[in-house]
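Down below is the structure, laid out as structure tokens.
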Amino acid sequence: MKAILMTLLFSFLVAAPTKTVYDFKLKNIDGKDVNLSEYKGKVIVMVNVASYCGYTSQYKDLEAIYQKYKSKGLVVLGFPANNFMAQEPGTDADIKQFCSREYAVTFPMFSKISVKGKDIHPLYAYLTNKSENGVVDGGVQWNFQKYLIGKDGKVIASFKPGTKVTEAEVIKAIEAALN
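Just so you know, we're using our numbering here: the sequence shown kicks off at 226 and counts up by one.
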């Protein structure tokens, strides 16, 4: 019996996802390499963004949440993507200027990546695959899908594109992760 329990425990430990978002390195909107390990110990909201989407006004809410909770350890990370109806056609410089001019975005933005399909960025392959992240399974549905990441770099939850970060369920999850 003891051998069976040890085998089960060992197989669970081997099968349990060990990767975190801290294992990824990307370019920021200015083209500089950023190791996501720079955000260790912070709660992260990762969101794929687009400048010409029906949800683009969510930049305002993302910035508000960032301002409200950043002193408590929250960071919002924006990942421009052109995967949905070409709603993010611009260059990184265009995107940065748009975000600054239209929504006064101050949270970290990254270089445009792919969040689905054959050219999916490894970070988003991790975020959308339960066998890798241990929690969430399923592709990005549209622009402004959000992933809540705990202080340990592991995925806590995913929120649909139409769900604003100011909604009660998201605020509750953020506050629980911060505590």
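The beta carbon of each residue, even a glycine, is placed where N, CA and C say it ideally should be.
Exercise for the section: For Y351, verify whether its CB is less than 6 Å away from any heavy atom of the ligand NAD. Expected result: Ligands displayed in this structure: none; no statement on the ligand NAD is therefore possible.
Practice task
Starting from S356, trace the alpha helix (DSSP H) both ways and give me its first and last residue.
Solution key: Per DSSP, S356 is one residue of the alpha helix (DSSP H) stretching across 355 to 358.
Exercise for the section: Let me know if E392 comes out buried or exposed under the rule of 16 or more other beta-carbons within 10 Å of its beta-carbon. Expected result: Exposed, by the Cβ-count rule.
Practice task
Would you kindly work out how many angstroms separate the C-alpha atoms of A329 and F249, rounded to a whole number?
Solution key: A direct Cα-to-Cα measurement between A329 and F249 gives close to 27 Å.
Handout entry: Supposed close pair K379, G364 - CB separation, criterion 8 Å
Key = Not a contact, Cβ separation roughly 19 Å.
Problem - Limits of the unbroken beta strand (DSSP E) element including A382 - result: Here the beta strand (DSSP E) through A382 covers 380 to 384.
Practice task
Look at the alpha carbon of K385 and the alpha carbon of V395, and state the distance between them as a whole number of angstroms.
Solution key: Their backbone Cα atoms lie some 11 Å apart in a straight line.
Exercise for the section: Answer with yes or no whether the minimum CB distance from Q366 to chain B is below 7 Å. Expected result: Looking for chain B here will not work: only one protein chain is present.
Exercise for the section: Specify, as a first and last residue, the run of the beta strand (DSSP E) that K252 falls within. Expected result: Counting along the chain, the beta strand (DSSP E) containing K252 begins and ends at 250 to 252.
Practice task
Tell me A306's beta-bridge partners as DSSP assigns them.
Solution key: DSSP output for A306 lists I338 as bridge partner(s).
Problem - Delimiting residues of the alpha helix (DSSP H) encompassing V395 - result: Start and end: 393 to 403.
Practice task
Tell me whether the beta-carbon of M291 lies closer than 7 Å to the beta-carbon of F335.
Solution key: Note that residue 291 corresponds to Tyr in the displayed sequence, not to Met. At a Cβ-Cβ threshold of 7 Å, Y291 and F335 do not count as neighbours.
Practice task
Assign Q370 to buried or exposed, taking buried as 16 or more other Cβ atoms, counted over all protein chains shown, within 10 Å of its Cβ.
Solution key: Buried, by the Cβ-count rule.
Exercise for the section: Go to D426, then tell me how far its beta strand (DSSP E) extends in each direction, as first and last residue. Expected result: An answer regarding residue 426 cannot be provided, because it is not within the stretch 226 to 404 covered by the chain.
Exercise for the section: Report the partner residues of S372 according to the DSSP bridge assignment. Expected result: Strictly speaking, residue 372 in this sequence is Tyr, with Ser absent from that position. Paired residues: M271, S383.
Handout entry: V300, DSSP secondary structure in three states
Key = DSSP places V300 in the strand class (E or B) of the three-state scheme.
Practice task
Output the distance between the C-alpha atoms of V259 and Y351, rounded to the nearest integer angstrom.
Solution key: When the Cα atoms are used, V259 and Y351 turn out to be separated by approximately 17 Å.
Problem - Option in E400, L373, E327, T316 with minimal Cα separation from N253 - result: The closest CA to that of N253, considering only E400, L373, E327, T316, is found on T316.
Handout entry: Outcome for K257 when other beta-carbon atoms lying within 10 angstroms are tallied against a minimum of 16
Key = So K257 counts as exposed.
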